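**Student:**
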Amino acid sequence: MTTETLVPVDEALTRYDPVMGLEIHIELNTTTKMFCGCPTEFGAEPNTQVCPVCLALPGALPVVNAKAIESAIRIGLALNCEIAEWCRFARKNYFYPDMPKNFQTSQYDEPIAFDGHVDVEVDGETYRIDIERAHMEEDTGKSLHVGGSTGRIHGADFSLVDYNRAGIPLIEIVTRTIEVPGDKAAAVARAYVSYVRDLIGGLGVSDVRMDQGSLRADVNLSLKPKGSTTLGTRSETKNVNSFRSVERAVRYEISRHAGILDQGGSVLQETRHFHEDTGTTSSGREKSDADDYRYFPEPDLAPVSPSREWVEELRATLPEPPAVRRARLQADWGFSDLEMRDTIGAGALQLVADTIEAGATPQAARKWWLGEMARRANEQGADLDSLGITPLQVAEIQALIDAGRINDKLARSVFDGVIAGEGTPEEVIVGRQLEVVSDDGALGDAVDRAIAGDPDAAQKIRDGKQAAAGALIGAVMKEMRGQADAGRVRELILEKLT
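Numbering follows full-length UniProt numbering, in which position 419 of the sequence shown is assigned residue number 419; successive positions increment by one, without gaps.
1) Mind reading off the beta-carbon distance from His135 to Glu172? Whole number of angstroms is fine, and I expect it under 8 Å.
2) What are the partner residues of Gly116, as DSSP defines its beta bridges?
3) If you reduce the DSSP assignment to three classes, tell me which class Met34 lands in.
4) Can at least three beta-carbon pairs, one atom from the region 214–222 and one from the region 23–36, be found at a separation below 8 Å?
5) If you drop the 5 nearest sequence neighbours on each side, which residues of the same chain put their C-beta closer than 6 Å to that of residue 530?
6) Go through the region 119–184 residue by residue and report every complete run of the beta strand (DSSP E) that reaches 3 residues or more, in order.
7) Which residue marks the beginning of the alpha helix (DSSP H) containing Ser255, and which one marks its end?
8) Short check: CB of Asn220 to CB of Ala44, under 7 Å?
9) Measure the alpha-carbon distance for Met1 versus Leu268 and round it to whole angstroms.
10) If you follow the beta strand (DSSP E) that Val428 is part of, which residue opens it and which one closes it?
11) Between which two residues does the alpha helix (DSSP H) holding Asn378 run?
12) Which of the three DSSP states is assigned to Met1 in this structure?
13) Here's the rule I'm using: 16 or more other beta-carbon atoms within 10 Å means buried, otherwise exposed. How should Ala187 be labelled?
14) How is Ala90 classed by DSSP in three states: helix, strand or coil?
15) When you compare each of Gly284, Gly264, Pro297 and Arg248 to Glu276 by their alpha carbons, which one comes out closest?
16) Round the Cβ separation of Leu387 and Ala353 to the nearest angstrom and send it over; I've been treating them as touching at under 8 Å.
17) Helix, strand or coil, according to DSSP, for Gly345 in the structure here?
18) Kindly list the residues whose CB is nearer than 8 Å to the CB of Asp300, restricted to its own chain and excluding five residues on each side of it in sequence; keep chain order.
19) Any idea which residues DSSP pairs Thr271 with across the strands?
20) Report all residues from its chain with a CB closer than 6 Å to the CB of residue 570; omit the five preceding and five following residues, and keep chain order.
21) Flag this pair as yes or no: are the beta carbons of Val447 and Leu494 separated by less than 7 Å?
22) Using 10 angstroms around the beta-carbon of Val394, count the other beta-carbons present and answer buried if the total reaches 16, otherwise exposed.
23) So within the region 15–88, which uninterrupted beta strand (DSSP E) runs reach at least 3 residues, ignoring any that extend past its ends?
24) Which residue wins for smallest C-alpha separation from Thr361, given the options Arg376, Ile397, Gly417 and Ile389?
25) Using a Cβ-Cβ cutoff of less than 7 Å, which residues in the same chain neighbour Lys226 once the five nearest sequence positions on both sides are dropped?
26) What three-state label does DSSP hand Ser386 in the structure shown?
27) Exposed or buried, Glu211, counting other C-beta atoms within 10 Å across all chains shown (16 or more means buried)?
28) Going along the chain, which residues of its own chain have a beta-carbon closer than 7 Å to the beta-carbon of Phe243, five neighbours each way excluded?
29) Where Asp98 and Asp385 are concerned, what is the direct C-alpha to C-alpha distance, given to the nearest angstrom?
30) Determine the closest residue to Ala68 out of Met34, Lys101 and Asn239, with distance taken between C-alpha atoms.
31) Can you pull the DSSP bridge partners for Pro225?
32) The beta strand (DSSP E) with Gln466 in it runs from where to where?
33) In the DSSP assignment, find the unbroken alpha helix (DSSP H) run with Gln398 in it and report its ends.
34) Can the beta-carbon of Leu223 be found less than 7 Å from the beta-carbon of His257?
In structure tokens form, the structure reads like this:
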């Protein structure tokens, strides 16, 4: 394997402008597959949710899932797209071991939704992302490569194929080229994927779980010399499954492309694999152009012709637009512009909303997600929603604080326990013996020892300098491992010394 020359991103951006294109694949939450009646439940035993249609057995014929078409139209409308009066499916021919038909039933030049746009905000600036199309297709199966160190086919002893996912309804959302200031490119890509995740989640047509693959992003990127209008050769980093990784993939490919171009080389048009552990990409396969897929109309499926009346009925079911929702939430929560911008930028808007819905105050919800949870996510190189704790659990922990049973310091230990799988917040408190001590007998004894151990501070309090109580409170808290009721400790100290 040749070592790739990387140019620092900031340096690369002095000579090149990045051009991006993003493709987002959404698994719909229909109860059955796109073209058959097999269930779509995630996590079932391998090859138990299959039938002759999704296994592509001879003579089996597909039937379109009406609910999937409805969801596709609602997604298109939410993306400000035009909805086709007539469209049809096409066969996209290529070989994957986990694609039983050796072609994918998709849409090509006749998508159900096209010519849309969304606006995303980064650092107070709004960037319009133009949508080329949103089309319907089916997912492939899933290969499991056994015996290697990387989980990929290279170096594996053998491979297993699970066809449960084959035929799951997908919507692929494809942008037009995205050209923004180079130093904003990675952040805009992340903001766009985050926006779409929130948008689709609000529609209720997918659980948009990136950790389970129900939302995946492909990052297309090329570089062109500063001032040039000629696009460079693009690479496509496939199946990126977190906001953070989208941002890292953009930055890595800028660095890699610049290294190739600076040496007079040519970028290969190819797919790339993203590696979460290193933040790097590696070569996949040479990228095909549309002609290589030999698209042709699917002869086993009738065209889809949604009536204008139906489209308008579905338009009436759309939730409030994201920009309107964000303005309403900001007003409801009492957040400043900066607080709201930070919440959105951290990808925490829905998490905060769900935590408030579960009973926490807006400021408490924001404090935990943008403070403690953001710190953990940064340490782990993960997104907030993949930490292993839910908004309901955060709200439950805050309720325990409000009830005086734990304090903020103990809450962090409760978070540790919940994330480690030790149970509910209540079970963690019991199991770890974390509850605040408010018994006057135990606190009084600890206060007496603190006074005896620091006579100077005690004398200052007797002399009227109540600020000196902080030292004694700290001593009590240390002795009781942070589990003392600090407010009651202060009261006891003042009662004894004044």
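In this text, a Cβ means the ideal position worked out from N, Cα and C, and glycines have one as well. Computed from a predicted model, the values in this text were never measured in an experiment.
**Tutor:** In short:
1) 6 Å
2) Ile131
3) coil
4) yes
5) Only positions 1 to 498 of the chain appear in the structure, and residue 530 is not among them; the question remains open.
6) 125–138, 142–146, 158–162 and 169–175
7) Phe243 to Asp262
8) no
9) Reliability fails at Met1, whose pLDDT of 46 lies under 50, so the model's placement of it is uncertain and no value is given.
10) Val428 -> not in any beta strand (DSSP E); alpha helix (DSSP H) instead, spanning Pro425 to Arg432.
11) Met373 to Gln380
12) Only weak support is given to the placement of Met1: the predicted model assigns it a pLDDT of 46, under 50, and the value that follows is read from those uncertain coordinates. Residue state, collapsed to three classes: coil.
13) buried
14) strand
15) Arg248
16) Contact flag wrong, Cβ pair sits at about 17 Å.
17) helix
18) Leu61 and Pro62
19) Glu236
20) There is no way to answer for residue 570, as the model of the chain reaches only from 1 to 498.
21) no
22) buried
23) 16–27
24) Ile397
25) Arg15, Tyr16 and Asp17
26) helix
27) Reading off the sequence, residue 211 comes out as Asp, not Glu. Exposed.
28) Arg190, Val193, Ser194, Gly347 and Asp383
29) 29 Å
30) Met34
31) Tyr16
32) Neither: Gln466 is in no beta strand (DSSP E) and is coded neither H nor E.
33) Pro391 to Asp402
34) yes
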